[in-house]
Every structure is written in C-alpha cells, then in structure tokens.
Amino acid sequence: MKLDSITLHHLSMPLVAPFETSFGRTTDRACILVSIQSEGLTGWGECVVDRDPGYSYETTGTAWHILKDFIAPNLLGQYVTDAIDFQSRVERIRGHNLAKAGVEMALWDLFGKRLGKSLREMLGGLRARVEVGVSVGLQTSPEVLVERVEEYLAAGYGRIKIKIKPGRDVGDTEAVRRAFPYIPLQVDANSAYTLETCQVLRPLDRMKLLLIEQPLNEDDLWNHSRLQKQFHTPICLDESIVSLLHARSALEMEACKIINIKPGRVGGLSQAVAIHDLCRAQGVPVWCGGMLETGVGRASNLALASLPGFSLPGDISASDRYYTEDITHERFKLDPGSTIDVPSGPGLGVTVDAVALKKFSLAELRLRAK
Ligand code: OSB
Ligand code: MG
43 MKLDSITLHH
53 LSMPLVAPFE
63 TSFGRTTDRA
73 CILVSIQSEG
83 LTGWGECVVD
93 RDPGYSYETT
103 GTAWHILKDF
113 IAPNLLGQYV
123 TDAIDFQSRV
133 ERIRGHNLAK
143 AGVEMALWDL
153 FGKRLGKSLR
163 EMLGGLRARV
173 EVGVSVGLQT
183 SPEVLVERVE
193 EYLAAGYGRI
203 KIKIKPGRDV
213 GDTEAVRRAF
223 PYIPLQVDAN
233 SAYTLETCQV
243 LRPLDRMKLL
253 LIEQPLNEDD
263 LWNHSRLQKQ
273 FHTPICLDES
283 IVSLLHARSA
293 LEMEACKIIN
303 IKPGRVGGLS
313 QAVAIHDLCR
323 AQGVPVWCGG
333 MLETGVGRAS
343 NLALASLPGF
353 SLPGDISASD
363 RYYTEDITHE
373 RFKLDPGSTI
383 DVPSGPGLGV
393 TVDAVALKKF
403 SLAELRLRAK
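Residue numbers for the sequence shown follow the numbering used here, so the first one is 43 and each next one is one higher.
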C-alpha cells in the first residue's frame, strides 16, 4: 500500500492507580500512537515508550525523533507490501525497537483493514480468547500488597505477578504466598539485582513460583545462565530478549527456561512471532508481556497471545485495571476463567475515539509524502 501520511500522537494518560516497579513509579502513562493514512484507510499502532529510560533506553523523546527524522522519511510515499518489507526498510536504523514496533503495528492494522482480516487471522492465532493475569506493582507494605492481590483475585484474575526489588523481595513474596498458598504466582525484578545480590532471593525457590522474571541486567545473558543453574524455579527473560538472535543465544546458553514476548521490545510483531516460533520448536513456553498499553496495543497483544505457543497467561489485563477512560471505543473485560476475548474485526479490531485522543494528547505531528 502507498503510505500517504504518518501522524504521531504523544499521549499522557492517567492510570487508575500509580504503578511502581524497581525502576520507578508511573502515575500517568505516556506513549506515542502512530496512525498511517493510506488509500483512504487509517492504521493505528502504539509505541510503548515511557517518559523515562527506566525499562528501555528509549523514551517518548527518542522515539519521536527516530520516527520523525528516520522511520517516516523511509516510508512516506513508498509502497510497503508487508511487515518483512517494512523491516527491510528500517534495517539500517540501529536499535530503537519500540519506535519501529509501533509503526509495524499500524501497518498490520492497515493491511488487515484492506484485506478484511483480523490480526489474529493474519498472525495465525488459534484461540478466540486468551488466558491472562495481572501484574501488581510495588505497594507500601506486604500487608497492602496482600490486600491488592486479594482484590484482583476477587475480580477474577487467575494468575498474579508481583514486582520485587532489593529490600522488597522475599518478605513481599512470602506474605502473598502465605495468604494464597495455591495461586499461580510469579515475580518480576526488572533487572534490579546482580549475581551477588541475587543470593537473597534463594528462599523464593521454595515458594512454588511459576517463574522469576528478569533478575539481572538486560545485557547480562551470561550471568542469567549462571543463576539459572542455581535455581530450580524457571528464570524468565523480558528486557534481555531484544531480538530473535538474543532469544536463540539465551536458549543455547540456558540463561532462561521461559521467555516473555513483547512486540515493542523486539522491534515488531513479525519479530515477536519469529521468537514464538523458535521457542515453540524447542518446547520453551512463552507468554505475552505488557507495557500498560492503551486499547490499541492491548488489541495487538491479545491477537499475538492467541498463537499456540503462548502457553502461560499474559500480562494483558482488562481495560479497567489501567484506565478509567481509554482512547478506543472498545474496552476489554475479564471473563470467567481469567480470559479476555481476542478482537475479531479487521486489523486490530478496535476504533480510536477522537475525542479521548485529543483529551490525552500532548502533541500531534502529521508527516506527509513530498
Ligand atoms: O516488566 O513487565 C514489565 C509495565 C511497564 C514496563 C515493564 C513491565 C510492566 C508490567 C505491566 O509488568 C504489565 C501490564 O501491562 O499489565
Ligand atoms: Mg517484566
């Protein structure tokens, strides 16, 4: 399809409650929505960038720059045929996966609308609904954490993930495990430990956790492989897996037994599917991570998580876990069995609410083909 214009929307959306991890606290979640206009259709994508470089080196500022000055000029006025074609056009732009992934998502939405096919169909997803869990941020105390978890369990979430950091690890996890001895439970450290400081996590190995997510630095595959040898609990990598090659290296090194797949982190849905395929061929479980997405990114995550290798519940919670008001008309709700329905309409299967978009927009820029 010939791409006529690309519009960037810098958004800031208030969360229903602050979300705190080992790298910081978010009260208003930022992102850049990308819309691509082509042949009378509009495709939407979400760049899951944050204000600060805490999770990724990318920020709303770097993504805006890379999108405006490098990615868009490579695409405007061009005929882009598919995701592979798109990737080859941005191959020479090193890194900046979150920026690239947002554009790839918008292209999938566009192609789906043109073909009358849902993203799930295009990616080869099998399920019409996917199993999900909830990611619970750091709370003021283990007691408050247990209360939060209890609320989410009551709301119907079947799998709980809690955030940990040094000083708030074994005690918090133990409190939750003691209150709920049998729930599927996992922890996420967001790179807060070193191989040495990680030794305090040893008691976690007796708490029947599904996995321990990203204990060490993102660039430290090697020490994750040393750590995995010391723990029975599977280590799951998030930040470390930024490409198919990283996934292959991590598995070969036995740096993890499970992979969290986020299309943003790996530069797009096509890469996410490639990592899924690799893991599936090797019998390695994967699950879909989350980045507090709006309805746009959430629709994309649901479609991805419908692929057969996603054998663990994703961090894809209902819309009301994040936002009182979202920028899509559609809201996602939690159904019995801790599931959410995968959208079935063309492309992402969601429509953007122009009024809400304007309300949460800090800046907008339309780039046109010359
Ligand atoms: O590490 O998985 C993470 C949110 C922002 C950045 C990183 C992470 C997260 C989450 C939230 O854990 C997952 C969600 O969207 O519910
Ligand atoms: Mg994580």
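We put the CB at the ideal spot given by N, CA and C, even for glycine.
Mind checking residue i: buried by the 16 CB within 10 Å criterion, or exposed?
i           : result
residue 167 : buried
residue 271 : exposed
residue 227 : buried
residue 350 : exposed
residue 284 : buried
residue 401 : exposed
residue 191 : buried
residue 250 : exposed
residue 371 : exposed
residue 348 : buried
residue 335 : buried
residue 210 : buried
residue 133 : exposed
residue 274 : exposed
residue 194 : buried
residue 60  : exposed
residue 97  : buried
residue 257 : buried
residue 398 : buried
residue 99  : exposed
residue 70  : exposed
residue 86  : buried
residue 239 : exposed
residue 245 : exposed
residue 199 : buried
Between residue i and residue j, which are expected to be in contact by the criterion C-beta below 8 Å, what is the C-beta distance as a whole number of angstroms?
i           : j           : result
residue 65  : residue 232 : 5 Å
residue 72  : residue 102 : 5 Å
residue 356 : residue 145 : Actually they are not in contact, since the Cβ atoms of residue 356 and residue 145 sit about 23 Å apart, beyond 8 Å.
residue 308 : residue 392 : Not quite, the Cβ-Cβ distance comes to about 22 Å (not below 8 Å), so this is no contact.
residue 229 : residue 203 : 7 Å
residue 363 : residue 176 : 6 Å
residue 187 : residue 217 : 6 Å
residue 379 : residue 129 : Not confirmed; about 36 Å, so no contact.
residue 386 : residue 373 : The pair is not a contact, with the Cβ atoms about 16 Å apart (cut-off 8 Å).
Alpha carbons only, please: which of the options is nearest the one belonging to residue i?
i           : options            : result
residue 305 : 327, 340, 276      : 340
residue 237 : 297, 180, 186, 195 : 297
residue 294 : 267, 315, 349, 317 : 267
residue 125 : 303, 177, 43       : 43
residue 53  : 410, 120, 367      : 367
residue 165 : 150, 256, 56, 220  : 150
residue 80  : 97, 61, 48         : 48
residue 404 : 84, 106, 274       : 106
residue 159 : 376, 388, 342, 299 : 388
residue 289 : 90, 316, 63        : 316
residue 172 : 373, 359, 408, 186 : 359
residue 407 : 378, 68, 67, 109   : 109
residue 330 : 354, 83, 56        : 354
residue 76  : 123, 119, 143, 111 : 143
residue 300 : 310, 320, 313      : 320
residue 382 : 345, 397, 399      : 345
residue 222 : 189, 207, 247, 239 : 189
residue 390 : 327, 92, 157       : 157
residue 326 : 365, 279, 342, 369 : 279
residue 78  : 70, 119, 91, 93    : 119
residue 183 : 128, 113, 62, 141  : 62
residue 377 : 170, 303, 396, 215 : 170
residue 178 : 386, 412, 67       : 67
residue 181 : 155, 324, 213      : 213
residue 46  : 264, 342, 114      : 114
residue 74  : 92, 116, 139       : 92
residue 261 : 291, 111, 58, 90   : 291
residue 51  : 82, 88, 135        : 88
residue 412 : 201, 122, 265, 117 : 117
residue 138 : 127, 122, 104      : 104
residue 111 : 95, 219, 135       : 135
Since residue i sits in a beta bridge, which residues does DSSP pair it with?
i           : result
residue 329 : 302
residue 52  : 74, 405
residue 80  : 83
residue 121 : 44
residue 168 : Bridge partners of residue 168: none, in fact.
residue 177 : 203
residue 356 : 174
residue 225 : Answer is none; residue 225 lacks a bridge partner.
residue 63  : 66
residue 88  : 75
residue 389 : 160
residue 230 : 205, 255
residue 210 : 207
Mind checking if residue i is an interface residue toward chain B, Cβ cutoff 8 Å exclusive?
i           : result
residue 411 : In the displayed structure, chain B is absent; only one protein chain is listed.
Item checked: Any heavy atom of the ligand OSB within less than 6 Å of residue CB: hits in chain order -> 97, 177, 230, 232, 280, 331, 332, 333, 334, 357, 359
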